[in-house]
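These notes concern the structure reproduced below.
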Amino acid sequence: SPNEALLQAQATCVEYLGIPEARLEQYNISVYPPDRDTMCMIRCAGIVLGFWEDEQGLLIDGAKQLFPDSGDVDLVAQKVLHCAERKLLSCDPADACARAYYSFRCAMRKFEPSNSALSTDQKLTPEKFLKAQIVCANILRIPHDHLKLYNQGVYPDDAETRCLLDA
């Protein structure tokens with residue numbers, strides 16, 4: 287579960303950005319859907335807590351503070367930075383909210399041992415994949431003609447598709 291500083295920053299940012307209060311309950315149990323409000327809340331929290339800066343990107347020392355009990359922190363930090371660099375290649379460089387969000391997701395995945403155990407146990411079936419695509423596409427507001435292409439196994443090389451496949 288999120289640490290005290292993160293909970294505090296989330297509450298501050300939800301209020302500051304005018305995000306509906308109900309969303310805060312999701313964030314407080316570490317549920318961060320890939321929508322605009324959440325992405326911008328993460329960017330705001332990142333600036334407040336010192337793990338994000340628009341020019342420099344993910345500030346690894348700040349990110350480490352969020353996950354104090356993650357074993358070999360330096361090794362994990364390398365993995366987080368590597369993951370963040372890969373994610374950022376598929377996001378619009380001008381979209382600071384998306385960049386902060388995907389970097390934070392990398393930190394969450396790599397620093398929290400419980401999360402990695404959880405994701406390896408769940409088998410991704412084609413049905414689950416298609417369902418997840420539709421949900422993600424709706425959240426990311428991806429045009430419906432794109433969905434038709436995805437269902438045929440065609441993935442155009444454009445920003446929407448790259449962000450969907452990275453989500």
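Using my numbering, the first residue of the sequence shown is number 287, and each one after it goes up by one.
No residue lacks a Cβ here, since even glycine has one placed at the ideal position from N, Cα and C.
query                                                                                                                                                                   : result
Cα-Cα, which of 340, 383, 341 is closest to residue 325?                                                                                                                : 383
Could you tell me the distance, in whole angstroms, from the CA atom of residue 306 to the CA atom of residue 322?                                                      : 13 Å
According to DSSP, simplified to helix, strand and coil, what is residue 343?                                                                                           : strand
Alpha carbons only, please: which of 367, 341, 443 is nearest the one belonging to residue 350?                                                                         : 367
Let me know if residue 315 comes out buried or exposed under the rule of 16 or more other beta-carbons within 10 Å of its beta-carbon.                                  : exposed
Using C-beta distances below 8 Å, list every residue in its chain close to residue 369, excluding the 5 sequence neighbours before and after it, in chain order.        : 392, 395, 396
What residue range is occupied by the uninterrupted alpha helix (DSSP H) comprising residue 332?                                                                        : 322 to 335
At the level of alpha carbons, what is the spacing between residue 380 and residue 438?                                                                                 : 31 Å
Between residue 291 and residue 335, which are expected to be in contact by the criterion C-beta below 8 Å, what is the C-beta distance as a whole number of angstroms? : 6 Å
Candidates 338, 293, 297: which alpha carbon is nearest residue 389's?                                                                                                  : 338
Less than 8 Å between the CB atoms is what I'm expecting for residue 328 and residue 318, so what's the real figure, rounded?                                           : 7 Å
Counting only the same chain and skipping the five closest in sequence on each side, list residues whose C-beta sits under 8 Å from that of residue 297.                : 310
To the nearest angstrom, how far is the alpha carbon of residue 348 from that of residue 363?                                                                           : 11 Å
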